[in-house]
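Report on one structure; see the data block that follows.
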Amino acid sequence: MKILHLIIFLLNIFSIISQSPDQLYDELFQAVQMQRIFSDTKTFCDVIPRELTPNEILFLYRKEYNKPTFNLTSFVLNNFILPNITIIVHEQWTIEEHCHRLWSLLTRTTNENYSSFMDVPYPFIVPGGRFREFYYWDTYFTMLGLIRSNETQLIKNMLDNFAYLIRKIGFIPNGNRYYYEGRSQPPFFSLMTELVNQTNNYRYELELEYQFWMTKRNITLDDGTILNRYYDEFHDRPRMEAYFKDVQLANKINNTNIYAHLRAAAESGWDFSSRWMENETDLSILITTHIIPIDLNCLLYHLELTLGKIEQAKYRQQAIQKYMWSNEQKFFFDYNYIKKQLTNRLTLAAVFPLWLNAATKDQAQYVAQQIKFLFLHDGGVVTTLANQSSQQWDYPNGWAPLQYITYRALLKTSGYESLARIIRQRWMNINERVFNNTGKMMEKYDVIDTNKLAGGGLYETQDGFGWTNGVYLEMLYDNNNDPQLSI
């Protein structure tokens, strides 16, 4: 018995080192996920033990699971505290009050023992619903609202949390969970620091982030051009937070290579979209790692300019023009470097070169014209034109970050300022209509049929919602100047 206690003690020490749920709970984790104990497989990723340590729970499971009376659901509920889901409805608040007052309700810390949280030193904002941790690119759009709410300390906290993680692991992860540690998200950190006039205070961390993207996500084309893609260091395994569906998909096609593409799509933030699919109706034909995304490379162009890497920025802009612009279709596209051709998927990612000044004036005019005639609908602008897709980052859905970026891009495109304001007003209108009916701000909206709730994807539409609140507040108070705050 003493030997057994010694073994468990040593295992407990080692468990503190690695806190990814699949590593903490091994075959128990797989059993819970594959037997669908929870309809949302993210739930078990976010549990914390009630009394026993992870290794004591795992030891107990191994001892009990073969017994005829063993019940896995009861075992889990007896040994774990389930995570909360943020649901916020206050019938007395106006939409403006709702967005301002929600920040305190969406603020979190990481003081949980044996959780999957990556510890960070300061409080942070979560999106809401099932999303109980911060998300990298969400935070930029959340910050827009925090500026309007004068939440300067929260903004500083989140910048410092990101800087801490860059120094610790070399990049900003998808979210601050150990099961996200293999991937990042669209690199908005330079834009965040710019929002609050703090770029010089984070130059060291910005350089480290740049090196991550240029050494871990770089692709060299035949002519020596270096551009970047999305990827994940743990490309050979299913995503822990979507374990059952990833395994199910891999089994269906008898090919575990799909994991790399699923994980890379998750790094893009557009999980999932026809952008990454050879056939917009079939998620199993996912080719994310083959694609050089237009938005990612524009963000890195901005990062290069921020860091004073003028030559690198010039070469990247030339490469964007060469590889990602179609003279025939007068539009920006992602580039499939395996097939050596444009993907020809019409998406709102095409506005990033306008927003971040990587497009020529003529290109901006052409793209803006197509936004007006192809993408504009009653609720704002639609994410893609893939109307046969069932993925959430496709038709008929609209998302706050893309509404904001499109709005900002068109404001700086001569002759399209009024279109920008129409998009702004239509997006705010759908936010207000849904809020008046439900008391909620949603993760995404159906911009085609504004009387329907948005759908698609691998989970139900969430409410809260960090970036929707942030963009709404920014648009509400916007006087057409770039948002900026000194802290």
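Residue numbers for the sequence shown, in mature numbering (1 follows the signal peptide of the UniProt record, and there is no 0): -18 to -1, 1 to 469. Cβ coordinates follow ideal geometry from the N, Cα and C atoms, glycine included.
Measure the CB-CB distance between residue i and residue j and report whether it falls below 8 Å.
| i | j | result |
| --- | --- | --- |
| L330 | T365 | yes |
| V108 | N143 | no |
| S172 | N156 | no |
| P168 | G110 | no |
| V333 | T420 | no |
| M428 | P378 | According to the sequence provided, residue 428 is Asp. The question's Met does not apply to it. The answer is yes: Cβ separation under 8 Å. |
| N210 | L285 | no |
| G448 | I412 | no |
| F113 | R90 | no |
| L141 | L128 | no |
| L34 | N61 | yes |
| Y43 | L10 | yes |
| residue 475 | E223 | Nothing in the structure corresponds to residue 475, since the chain is present only between -18 and 469. |
| L282 | W195 | yes |
| I151 | E187 | no |
| Q383 | F116 | Contrary to the premise, residue 383 reads as Pro rather than Gln in this sequence. For P383 and F116, no; Cβs fall outside 8 Å. |
In whole angstroms, what separates the C-alpha of residue i from that of residue j?
| i | j | result |
| --- | --- | --- |
| T450 | Q230 | 32 Å |
| A399 | L289 | Strictly speaking, residue 399 in this sequence is Glu, with Ala absent from that position. Those two C-alpha atoms are separated by around 30 Å. |
| D28 | P65 | 6 Å |
| Y241 | Y305 | 27 Å |
| Y225 | H243 | 14 Å |
| Y317 | N139 | 37 Å |
| I(-3) | W75 | Note that I(-3) has pLDDT 46, beneath the 50 cutoff, so the model's placement of it is unreliable and the number below is only indicative. About 43 Å. |
| A232 | N239 | 8 Å |
| N37 | F153 | 30 Å |
| residue 499 | R403 | No answer is possible for residue 499: it lies beyond the span of the chain, which begins at -18 and ends at 469. |
| L40 | D214 | 28 Å |
| T443 | D204 | 42 Å |
| I30 | Y7 | 11 Å |
| F(-10) | S97 | With a pLDDT of only 46 at F(-10), under 50, the local geometry of the prediction cannot be trusted, and the value read off the model is given with reservation. Distance between the alpha carbons of F(-10) and S97 is about 18 Å. |
| N179 | R185 | 12 Å |
| P465 | R245 | 33 Å |
| T92 | I67 | 16 Å |
| T134 | I235 | 49 Å |
| W375 | N48 | 43 Å |
| M(-18) | E46 | Any answer about M(-18) is weak, because its pLDDT of 47 lies below 50 and its placement is not dependable; what the coordinates show is given next. Cα to Cα, M(-18) sits roughly 18 Å from E46. |
| K198 | E73 | 48 Å |
| S266 | E260 | 9 Å |
| W337 | Q385 | 12 Å |
| Y146 | Q370 | 42 Å |
| W85 | E456 | 14 Å |
Could you spell out the range, first to last residue, of the alpha helix (DSSP H) harbouring residue i?
| i | result |
| --- | --- |
| L177 | F171 to L177 |
| T55 | L54 to N61 |
| S166 | Careful: S166 lies outside any alpha helix (DSSP H) and carries neither H nor E. |
| A350 | K343 to Q352 |
| K45 | P36 to E46 |
| D228 | Y225 to I235 |
| L244 | I240 to S250 |
| Q5 | P3 to M16 |
| M410 | E399 to T420 |
| M457 | G448 to Y459 |
| P465 | Where P465 is concerned, there is no enclosing alpha helix (DSSP H), given that its DSSP letter is neither H nor E. |
| W337 | F334 to W337 |
Could you check where the beta strand (DSSP E) with residue i kicks off and where it finishes?
| i | result |
| --- | --- |
| L209 | I208 to N210 |
| N156 | From DSSP, N156 is part of no beta strand (DSSP E); its letter is neither H nor E. |
| I129 | I129 -> not in any beta strand (DSSP E); alpha helix (DSSP H) instead, spanning Y118 to R130. |
| T202 | N200 to T202 |
Bridge partners of residue i, per DSSP?
| i | result |
| --- | --- |
| F113 | G110 |
| N318 | I273 and Q323 |
| M259 | L268 |
| V364 | Looking at the DSSP assignment, V364 forms no beta bridge with any residue, so it has no partner. |
| Y427 | G380 |
| L358 | V363 |
| F313 | S308 |
| F99 | R159 |
| R90 | F106 |
| I30 | I63 |
| T181 | According to DSSP, T181 bridges with nothing at all. |
| I445 | Rather than Ile, the amino acid found at residue 445 in this sequence is Asp. Partner(s): M424. |
| T329 | T366 |
Assuming residue i and residue j make a contact with CB atoms under 8 Å, what is their CB distance in whole Å?
| i | j | result |
| --- | --- | --- |
| R327 | F315 | 7 Å |
| W258 | I276 | About 13 Å separates the two Cβ atoms, so there is no contact after all. |
| residue 472 | L367 | Any property of residue 472 remains undetermined from this structure, which presents the chain solely from -18 to 469. |
| R415 | T432 | 7 Å |
| F26 | P3 | 7 Å |
| G397 | M125 | No, G397 and M125 are not in contact; Cβ-Cβ is about 30 Å, not under 8 Å. |
| C81 | M423 | 7 Å |
| E176 | L458 | That belief does not hold up - the Cβ atoms of E176 and L458 are roughly 22 Å apart, past 8 Å. |
| R32 | I63 | 6 Å |
| P220 | C280 | Rounded, the Cβ-Cβ distance is 30 Å, inconsistent with contact. |
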